[in-house]
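Residue numbering for the sequence shown follows full-length UniProt numbering, starting at 1 and increasing by one per position.
For glycine and all other residues, C-beta sits at the position ideal for the given N, C-alpha and C.
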Amino acid sequence: MSDAAAARALIQSYYAAFNAGDIEAMLALVADDVAHDVNQGGRRTGKDLFAAFNAHMTRCYREELTDIVVFASEDGSRAAAEFVVNGTYLATDEGLPEARGQTYRLPAGTFFAIRDGRIARITTYYNLQDWIAQVSA
Numbered sequence: 001m002s003d004a005a006a007a008r009a010l011i012q013s014y015y016a017a018f019n020a021g022d023i024e025a026m027l028a029l030v031a032d033d034v035a036h037d038v039n040q041g042g043r044r045t046g047k048d049l050f051a052a053f054n055a056h057m058t059r060c061y062r063e064e065l066t067d068i069v070v071f072a073s074e075d076g077s078r079a080a081a082e083f084v085v086n087g088t089y090l091a092t093d094e095g096l097p098e099a100r101g102q103t104y105r106l107p108a109g110t111f112f113a114i115r116d117g118r119i120a121r122i123t124t125y126y127n128l129q130d131w132i133a134q135v136s137a
């Protein structure tokens, strides 16, 4: 398997675990010092903070990603994915509109750094104003 194919397979496994709600499987795919750049937020470093973020997200949101397309550099050190987030807003997240079970559909993308067969950086982007408009309607 080429380095690029291995990187794509790693990212596809990460998203399969995400869609299955399997945080432990996601954690197995990331480096101990994973850098997680939250959309319009700060950087969190380490598996413990990544696990805490995912627990918070699971409490506030139920999401499934569809239309996932994964790209990887030839050397397998970087990857990116574009997808659609199909979600339900379950519990009010601090500083955001009140949750009432609203649904949303949002295009998003993530950039990854890969080191030693693990995800070393996760940087996700989506249009927060679009999300706010959808859950506020």
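Integer-rounded CB distance, given that residue j should sit under 8 Å from residue i
i	j	result
L106	W131	6 Å
Y104	V135	6 Å
D32	G21	Wrong, their Cβ atoms sit about 22 Å apart, outside the cutoff.
Closest by C-alpha distance to residue i, when choosing among the options
i	options	result
S70	A35, G109, R43	Looking at the sequence itself, residue 70 is Val, so the reference to Ser does not match. Ranking A35, G109, R43 by Cα distance to V70 puts G109 first.
A72	S136, Q40, F112	F112
E24	S77, N54, A4	N54
S6	R78, G87, T92, E82	In the sequence as presented, Ser is not what sits at residue 6; that position holds Ala. Per the Cα distances, R78.
Y14	N86, Y125, G101, A81	A81
N19	T123, I114, L65	L65
Y126	D37, T92, D75, G46	D37
L29	L128, I122, A133	I122
residue 151	D75, G46, G101, H56	The structure shown does not extend to residue 151, since the chain is modelled only from 1 through 137, so no value can be given for it.
N86	Q102, R8, D93	Q102
Those residues which DSSP pairs with residue i across a bridge
i	result
P97	None; P97 has no bridge partner.
R8	Beta-bridge pairing links R8 to no other residue.
I132	Looking at the DSSP assignment, I132 forms no beta bridge with any residue, so it has no partner.
F18	DSSP output for F18 lists no bridge partner at all.
A79	A72, F112
N86	E64, R105
I119	V30, I114
T124	T110
4-residue-minimum alpha helix (DSSP H) runs that sit fully inside the segment 25-75, ordered along the chain = Within the segment 25-75, the complete alpha helix (DSSP H) runs of at least 4 residues are 47-60.
Can at least three beta-carbon pairs, one atom from the segment 34-50 and one from the segment 58-67, be found at a separation below 8 Å?
-> The segment 34-50 vs the segment 58-67: no contact.
So does the segment 93-100 actually touch the segment 111-125, counting three or more Cβ pairs closer than 8 Å?
-> Segment contact: the segment 93-100 against the segment 111-125, fewer than three CB-CB distances shorter than 8 Å; contact not assigned.
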